[in-house]
Each structure stands twice: as C-alpha cells, then as structure tokens.
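Reminder that position 283 of the sequence shown reads as 283 in UniProt numbering, one-by-one numbering, no gaps.
Backbone N, C-alpha and C fix where the C-beta goes; we use that ideal spot for every residue, glycine too.
Given the structure is predicted, the values throughout are model-derived calculations rather than measurements.
Quick notes on the structure that follows.
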Amino acid sequence: MVGTKIQSASALAAILSFFVDQSTAACPSNPWFAYENAQLTESAIASSGNPDLFRFGADPSVASSSRLFTRPQCKTYPGDPLWPSNTVWSLLNVTLGGALIKTTPLAASCYQGPNYNAAQCQYVTENWSNPRMHVEDPTSAMFPIFQGRTCLPPTHPSFQNNTACTLGGYASYSVAVMQVKQIQLAINFARLTNVRLVVHNTGHDFADKSIGAGSLSIWTHKLKDISFLPSYTDCRGRSGPAFKLGAGVETEEVYKAAEANNVTVVGGECRTVGIAGGYIAGGGHSPMSTLAGMGADQVLSMDVILPNGRFVTVNEDCYPDLFWALRGGGGSTYGVVTSVTVRAYPQIPVTTLSFAFTTGPNVTADTFFAGVGAYFKYFDTITQAGAFGYWLVLSIGPGQYLFSMMPMWGGNLTTPQFTSLVQPFLDDLTDLGIPFDPVFREYPSFYQTYIGTWPNVEAVGGADNHAASRLFPKENFESGPGGKLNETLAAVRYVVEDGAVIIGYNIKAATNPFVNQTNAVNPAWRKALGFFILSVGFPPNAPDSVIAERSEKLTNDWMARWRQVSPGAGSYLSEGDINEPDFQQSFYGAEFYPRLKKLKEKYDPTGLFYAHKAVGSEDWEIQGQVPYFPTQNGRLCRKQT
Numbered sequence: 001m002v003g004t005k006i007q008s009a010s011a012l013a014a015i016l017s018f019f020v021d022q023s024t025a026a027c028p029s030n031p032w033f034a035y036e037n038a039q040l041t042e043s044a045i046a047s048s049g050n051p052d053l054f055r056f057g058a059d060p061s062v063a064s065s066s067r068l069f070t071r072p073q074c075k076t077y078p079g080d081p082l083w084p085s086n087t088v089w090s091l092l093n094v095t096l097g098g099a100l101i102k103t104t105p106l107a108a109s110c111y112q113g114p115n116y117n118a119a120q121c122q123y124v125t126e127n128w129s130n131p132r133m134h135v136e137d138p139t140s141a142m143f144p145i146f147q148g149r150t151c152l153p154p155t156h157p158s159f160q161n162n163t164a165c166t167l168g169g170y171a172s173y174s175v176a177v178m179q180v181k182q183i184q185l186a187i188n189f190a191r192l193t194n195v196r197l198v199v200h201n202t203g204h205d206f207a208d209k210s211i212g213a214g215s216l217s218i219w220t221h222k223l224k225d226i227s228f229l230p231s232y233t234d235c236r237g238r239s240g241p242a243f244k245l246g247a248g249v250e251t252e253e254v255y256k257a258a259e260a261n262n263v264t265v266v267g268g269e270c271r272t273v274g275i276a277g278g279y280i281a282g283g284g285h286s287p288m289s290t291l292a293g294m295g296a297d298q299v300l301s302m303d304v305i306l307p308n309g310r311f312v313t314v315n316e317d318c319y320p321d322l323f324w325a326l327r328g329g330g331g332s333t334y335g336v337v338t339s340v341t342v343r344a345y346p347q348i349p350v351t352t353l354s355f356a357f358t359t360g361p362n363v364t365a366d367t368f369f370a371g372v373g374a375y376f377k378y379f380d381t382i383t384q385a386g387a388f389g390y391w392l393v394l395s396i397g398p399g400q401y402l403f404s405m406m407p408m409w410g411g412n413l414t415t416p417q418f419t420s421l422v423q424p425f426l427d428d429l430t431d432l433g434i435p436f437d438p439v440f441r442e443y444p445s446f447y448q449t450y451i452g453t454w455p456n457v458e459a460v461g462g463a464d465n466h467a468a469s470r471l472f473p474k475e476n477f478e479s480g481p482g483g484k485l486n487e488t489l490a491a492v493r494y495v496v497e498d499g500a501v502i503i504g505y506n507i508k509a510a511t512n513p514f515v516n517q518t519n520a521v522n523p524a525w526r527k528a529l530g531f532f533i534l535s536v537g538f539p540p541n542a543p544d545s546v547i548a549e550r551s552e553k554l555t556n557d558w559m560a561r562w563r564q565v566s567p568g569a570g571s572y573l574s575e576g577d578i579n580e581p582d583f584q585q586s587f588y589g590a591e592f593y594p595r596l597k598k599l600k601e602k603y604d605p606t607g608l609f610y611a612h613k614a615v616g617s618e619d620w621e622i623q624g625q626v627p628y629f630p631t632q633n634g635r636l637c638r639k640q641t
C-alpha cells in the first residue's frame with residue numbers, strides 16, 4: 001500500500017488504516033548504519049597510548065586509575081592546572097583519526113589577528129542571518145545573544161560597536177563525528193578529564209543549549225544517512241513504513257526522502273531543524289501533529305551512546321526507561337543519539353488557506369482583536385478535523401496591527417471540505433466588517449505543500465530579541481462556563497499593544513494508536529490547542545543592562561499574564577524562555593519531572609551532560625552571569641548546597 005493517496009473524508013482514520021497489527025511480533029533487528037558499525041573496543045582503548053583517558057565508565061578500574069576524583073565542584077576550565085595540555089589534545093586528535101577541531105568563531109575573520117581575512121569577513125557578514133552558514137560550522141549557534149555576544153561581525157548593521165573577538169561561550173574543541181567510536185572516545189575523554197561536554201547538531205535552539213565555554217563539543221551534523229524501510233514492524237507488532245535517520249538529518253532532507261518514496265513523515269517547520277537531535281528530544285511539533293501526534297511519538301527505535309561510553313539500542317523492550325525519557329525528556333541529558341527510526345505515513349493531499357487583515361479606516365483596534373478572538377473560538381473545531389494553523393500578530397505602528405495567516409493547512413482535506421470547515425470563521429470576520437482576501441490552494445503531497453507555502457525565512461544570527469512561549473489548553477479558547485477565551489484574548493492583546501510579536505500555532509497532538517505515545521513529552525502538549533511564541537526586541541548593540549531589563553519584563557510581565565490565564569499548563573522547552581520560572585513544571589510537567597530526574601541520576605551520576613534548563617540543570621550554574629541575561633560564557637560549577 002505504500003504510495004497510495006488517501007481520499008477519505010476522515011483524515012486521521014485514513015492514515016491509521018495504512019498500518020497492520022501483528023501483535024505477536026518481537027522487536028525487530030534494525031541494522032546499523034555503516035558509521036555505527038565502527039565502535040570503540042576494549043582492545044582499541046588499551047592500544048591508545050593512554051587508556052586512562054578513554055576507559056568505559058562501566059570498567060571497575062576507572063575510579064582507581066583516573067587522575068581525577070569523580071565529583072569535582074566545577075568543570076575543568078581553560079587555564080586550570082588540570083586542563084588537558086596541548087599534548088593530550090593532540091593525543092585525542094590522533095585517537096579520533098584527525099577529527100578534532102580547535103574551534104574559531106565564525107566572525108573571527110573580521111578582526112585583526114591570525115584569522116583575519118577580508119573576503120571571508122565579507123561573506124560571513126553578508127550571510128550572518130542565513131542558517132546554512134551556521135549549521136555548517138562546528139560550533140556556531142543560531143542565536144548568539146546567549147553565547148555572550150563575544151565575536152559578532154563588526155560591519156554588520158546590528159553589531160557596529162563590536163571591537164573585539166573572543167571564543168566566549170563557544171566550545172574550545174569540537175569532534176567532527178563520522179563514526180560512533182569517535183563519540184564514545186569524546187564521551188569517555190570528557191568524563192575522565194572533567195571537561196565540560198556539549199552535543200551540537202544544527203545549533204537550532206532558542207537557549208543555545210548546544211554550546212558552552214571551555215567545552216568539548218560532539219558535532220553530529222555530518223551523520224546524514226537515510227534508509228527507507230517499506231515495512232517495519234515495531235516491538236508491539238505495529239507494522240508500516242518507516243525511516244531510519246542519522247543524527248544529522250535535517251527537516252527538509254527527510255521531507256525530500258519521504259516525497260521520493262511516496263510517503264509522509266512528521267517533522268519540524270524550519271528546514272534546518274535536526275530531527276534526531278533536540279527536535280525529538282524536546283517533543284517536536286509539526287504540521288502533521290494534528291493528524292499523527294508529536295515528533296517524539298513517531299520513534300520506533302533509537303541507537304544511543306550512554307554517559308559511560310557504551311553504545312546501545314533503545315526501544316520498548318531494550319532500556320524501556322530510556323526509551324520513555326529520550327522521547328520528549330530533553331536533549332543533552334541521557335546520552336548521544338546516533339540514529340533514530342521513525343514511523344512514516346501515506347502521502348496525503350493538503351489544502352491551504354492564506355490571508356491577512358489589519359486595522360484601518362473602518363477597522364478599529366477593538367474590531368481587529370475581535371477578529372483574532374473569532375479565530376480563537378474555532379481552534380477546537382479546526383484541529384478536530386486534522387487541520388493546523390500558523391499565524392502571527394504584531395503592531396505595525398501606533399494603534400495599528402496586523403494578523404497574517406501563513407498558512408492554515410487542511411491535511412487530507414479537499415478544497416470544498418476545507419472551505420466548509422473554515423467558512424464559519426471567515427463569516428465572522430465578514431460580520432465584523434474586516435476586509436480580507438482568502439486564498440485557497442490544493443497540493444498533491446505534504447512536501448509540495450511545504451515548499452509551496454511554508455516561508456523559508458529562518459532569520460538567525462540576531463542578538464536583538466529574546467523569545468518565550470506558552471501552551472494553551474482547550475479552555476483558553478472556550479467562551480462557555482469555565483472557558484477563558486476573553487481572558488486569553490486580553491492577555492494576547494496586552495503584550496501586542498506593549499510591543500510583542502506573536503507567532504502562533506493552532507495545533508493539537510493527535511492520539512495515534514499505531515505509535516507508542518507513552519513517553520516524556522510535556523503533558524501540556526496533550527491538552528494544548530494553541531502554542532504561542534512571543535518575543536521582545538532590543539536596540540542594536542544594547543548593553544547587558546538593557547537586555548536584562550527587557551528580558552525581565554518579558555518573563556515577569558508579559559509571560560506572567562499568559563501563565564495567569566493558563567495555570568498548570570506549560571511551555572515548549574525547545575522554544576521557551578531562557579528565564580522560565582519553575583522550568584521543571586513548565587517544560588517537563590510536574591508529574592514527569594521527578595521520574596526524569598531519577599533517570600538522569602541513574603544514567604549520568606557524575607553530571608557529564610549539562611544543558612540550560614535540561615533535567616538536572618538546577619544542580620549547576622554558570623558563573624559570572626547577569627540576572628535575566630544568562631549566557632554560556634562562563635565556568636560551569638555545581639551549586640553550593
């Protein structure tokens with residue numbers, strides 16, 4: 001049945017009918033990629049020249065033979081007596097087969113010194129907002145504001161006051177991974193030398209979790225293998241097509257592969273998001289979520305390197321506790337994923353709707369926000385039909401506002417079906433006297449819809465804004481008893497009138513019986529109908545004090561109002577506030593966090609892996625930080641108890 005186009009009126013039922021239940025099946029044998037066959041062995045460690053730098057954590061001799069005690073107060077930092085010497089770094093490089101990179105910031109070519117290169121500087125400056133340049137760099141992050149702003153292109157319009165370049169919050173060294181054993185060596189080396197370790201794929205994260213001062217970075221971006229499995233039966237007998245994806249595969253790459261094989265996969269909206277990295281680890285939302293669930297729900301099996309350096313396969317029967325945690329419980333926490341096997345679905349047609357409306361001579365601000373509220377009240381109806389909306393609201397001048405639908409997707413809905421679904425909302429706009437020009441388009445497949453309608457405008461590299469997010473449950477869009485539609489609209493209006501830009505999603509994590517949805521995805525996603533991101537801006541070259549002041553307003557004023565109208569809800573950890581209060585509840589869920597913390601302590605008892613607001617991060621702090629403006633530029637230490 002692979003490649004059959006679904007035309008049923010019931011979009012979700014049609015997709016699920018694609019699968020076969022073989023409940024007596026055992027866990028499948030899932031062949032490794034070639035790079036996964038190259039694994040670290042005890043004999044290779046013994047012949048490395050210094051086995052004490054590379055032993056597995058499970059080796060009972062590690063504690064007695066290591067030159068370091070197991071729980072130092074701080075990670076070893078450049079300039080410390082125990083920081084590895086150049087000779088040791090050279091030994092690591094030889095052992096890695098030449099894969100070790102001594103990192104240099106992208107913009108170093110713009111500053112006087114050994115890295116100065118006028119032509120390269122011009123290229124970097126002109127492409128600073130292009131995500132591809134940052135993705136292809138072994139340490140750069142897409143949002144350098146939380147790196148510490150220590151090396152920005154000085155001739156860029158936003159950074160003209162920059163006069164110096166230092167490594168700051170970027171990693172000191174990076175391993176350009178091409179084999180599993182290189183990750184194992186890096187993990188063991190960092191654990192035994194107490195060097196801070198970070199995991200870096202595409203750098204696509206609001207809080208710069210994939211960088212860190214004085215760290216060794218595991219760069220998985222080059223692991224691009226993709227294998228289509230026409231018929232894959234998981235541990236519980238659910239059978240259907242699937243993909244095995246290398247750790248470095250990005251959203252657009254897997255979408256292209258799915259199109260070539262006449263199927264659809266659940267993936268991110270931005271083209272450069274790494275599917276097997278922070279996307280699945282954070283939960284992963286998608287235009288397909290209203291039909292098939294979250295990105296993390298699609299996982300059938302994972303290949304992972306644990307903090308002790310051992311390479312294991314994780315699924316419903318092998319390491320089931322990790323299988324639960326790795327799907328939604330946060331990245332850079334329990335190990336390094338080298339590949340993931342995810343469910344695929346039949347290719348489906350999609351109908352889209354795009355339009356915009358603004359304030360104007362006959363549309364007051366009150367009328368404008370009434371139009372926004374008209375949309376909100378249909379959130380449940382729209383997602384129940386499997387449709388999905390992506391939109392924004394912002395101020396375009398004093399007392400003037402814009403709403404843009406860009407676009408709404410009707411997965412597996414024809415134009416007449418989709419028009420019938422949204423017509424009540426459009427009628428409400430007309431009744432309010434709001435002029436708009438709806439444009440419907442029908443596409444034959446998910447990928448054709450994606451490239452035809454999804455804006456390819458990943459503007460990154462900025463250091464002039466700070467974002468936060470909130471997941472709003474069903475009651476926030478209901479006007480009856482117990483509903484909070486009016487309060488929600490008032491909270492949205494307040495922040496827009498105060499200068500916020502909102503990017504919103506009308507989205508629902510659909511129930512899907514053909515995948516395992518018992519995982520660590522934030523429970524707030526299971527109740528949400530709205531996912532709203534807002535951002536606060538700063539002047540170019542704003543001092544730390546201004547950024548801290550504006551960031552505090554975002555957290556304690558704007559977001560406080562959103563939290564007040566959605567008590568007990570949450571936020572999306574991959575696109576959340578770096579200052580999120582009570583992040584354990586907000587990002588992970590109060591009912592899940594204690595279990596996640598115990599698993600962190602079980603699999604990573606020495607605290608090898610750290611990321612900002614990751615599970616267990618409350619036990620650590622980066623020194624020398626400005627309140628409300630935390631960066632990765634500083635020494636990582638355990639908090640004093």
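Problem set entry | Paired residues, beta bridge with Tyr173 - DSSP | Lys102 and Leu216
Problem set entry | Element boundaries [beta strand (DSSP E), containing Ala344] | Val336 to Pro346
Exercise. Since Pro138 and Ile101 are thought to touch, with beta carbons under 8 Å apart, how far apart are those beta carbons, to the nearest angstrom?
Worked result: 5 Å
For this session: For the stretch 233 to 300, list the alpha helix (DSSP H) runs that are entirely contained and at least 4 residues long, ordered along the chain.
Result: 251 to 260 and 289 to 292
Exercise. Quick one: any contact between the stretch 257 to 274 and the stretch 551 to 559, if contact means 3 or more CB pairs under 8 Å?
Worked result: no
For this session: Evaluate contact between the stretch 368 to 385 and the stretch 473 to 481, counting only Cβ atoms and requiring at least three cross-stretch pairs below 8 Å.
Result: yes
Exercise. CB-CB under 7 Å to residue 646, same chain, minus the five flanking residues each way: which ones, in chain order?
Worked result: Examination of residue 646 is not possible in this model, given that the chain is present from 1 through 641 alone.
Problem set entry | Selection from Phe403, Gln347 and Ile396 that minimises the alpha carbon distance to Ala356 | Phe403
Exercise. For the 8 Å Cβ check, are there 3 or more pairs between the stretch 438 to 451 and the stretch 480 to 487?
Worked result: no
For this session: With a 10 Å radius around its C-beta and 16 neighbouring C-beta atoms as the bar for buried, classify Glu618 as buried or exposed.
Result: exposed
Exercise. At a cut of 8 Å, does the stretch 317 to 332 reach the stretch 196 to 215 through at least three beta carbon pairs?
Worked result: yes
For this session: Apply the 10 Å Cβ neighbour rule to Phe629 and answer buried if 16 or more other Cβ atoms are within range, or exposed otherwise.
Result: buried
Exercise. On the three-state DSSP scale, how would you describe Trp89?
Worked result: helix
Problem set entry | Burial state of Thr24, where buried means 16 or more other Cβ atoms lie within 10 Å | Bear in mind that the predicted position of Thr24 carries a pLDDT of just 43, short of 50, making it unreliable; the figure below should be weighed with that in mind. Its Cβ having fewer than 16 others within 10 Å, Thr24 is exposed.
Exercise. Can you list, in chain order, the residues of its chain whose CB lies under 7 Å from that of Gln632, leaving out five sequence neighbours each side?
Worked result: Phe146, Gln147, Gly148, Gly169, Asp208, Ile211, Gly212, Ala213 and Ile622
For this session: Look up Ser65 in the DSSP assignment and say whether it is helix, strand or coil.
Result: For Ser65, the predicted structure reports a pLDDT of 41, less than 50, and the residue's modelled location is therefore unreliable. A value from the coordinates is still provided. Three-state DSSP puts Ser65 in a helix.
Problem set entry | Pair within 7 Å by beta-carbon distance, Val314 and Leu322 | yes
For this session: Ignore the nearest five residues each way along the sequence and tell me which others in Thr76's own chain have a CB closer than 6 Å to its CB.
Result: Leu82, Trp83, Asn194 and Val195
For this session: Would you tell me roughly how many angstroms separate the C-alpha atoms of Gln564 and Glu580, rounded to the nearest one?
Result: 14 Å
For this session: Check the C-beta distance from Leu300 over to Ala242 and give it rounded, since I have them as a contact under 8 Å.
Result: 6 Å
For this session: Tell me whether Val254 is buried or exposed, calling it buried when 16 or more other Cβ atoms sit within 10 Å of its Cβ.
Result: buried
Exercise. With distances taken from CA atoms, which of Asp297, Gly335 and Gly284 is nearest Gly309?
Worked result: Gly335
Problem set entry | Secondary structure of Gln73, DSSP reduced to three states | coil
Exercise. Whose C-beta lies closer than 8 Å to the C-beta of Pro60 among residues of the same chain, with five residues either side of it excluded?
Worked result: Because the pLDDT of Pro60 is 30, which lies under 50, any placement of that residue in the model is unreliable, and the question is left without a value.
Problem set entry | Thr24 - DSSP class collapsed to helix/strand/coil | Residue placement at Thr24 is poorly supported in this model, since its pLDDT is 43, which falls under 50; the coordinates are not used for a value here.
Exercise. From this set, Gly274, Asn127 and Cys165, which residue's C-alpha is nearest Ser574's C-alpha?
Worked result: Gly274
Exercise. What's the C-alpha gap between Ala500 and Cys318?
Worked result: 46 Å
Exercise. Helix, strand or coil for Asn194 per DSSP?
Worked result: coil
For this session: Drop a sphere of 10 angstroms on the beta-carbon of Ala118, count the other beta-carbons inside from all chains shown, and report buried for 16 or more, exposed for fewer.
Result: exposed
Exercise. Leu394 lies in the alpha helix (DSSP H); which residues open and close that run?
Worked result: No alpha helix (DSSP H) holds Leu394; the beta strand (DSSP E) holding it covers Ala387 to Gly397.
Problem set entry | Length of the line joining the Cα atoms of Gly607 and Ala524 | 27 Å
Exercise. From Thr290 to Asn512, what does the alpha carbon distance come to, in whole angstroms?
Worked result: 10 Å
For this session: Could you tell me the distance, in whole angstroms, from the CA atom of Val249 to the CA atom of Phe368?
Result: 41 Å
Exercise. From Gly293 to Phe311, what distance separates their C-alpha atoms?
Worked result: 29 Å
Exercise. So, are the CB atoms of Ala467 and Ile533 less than 7 Å apart?
Worked result: yes
Exercise. Is the beta carbon of Gly277 sitting closer than 7 Å to the one on Asn201?
Worked result: yes
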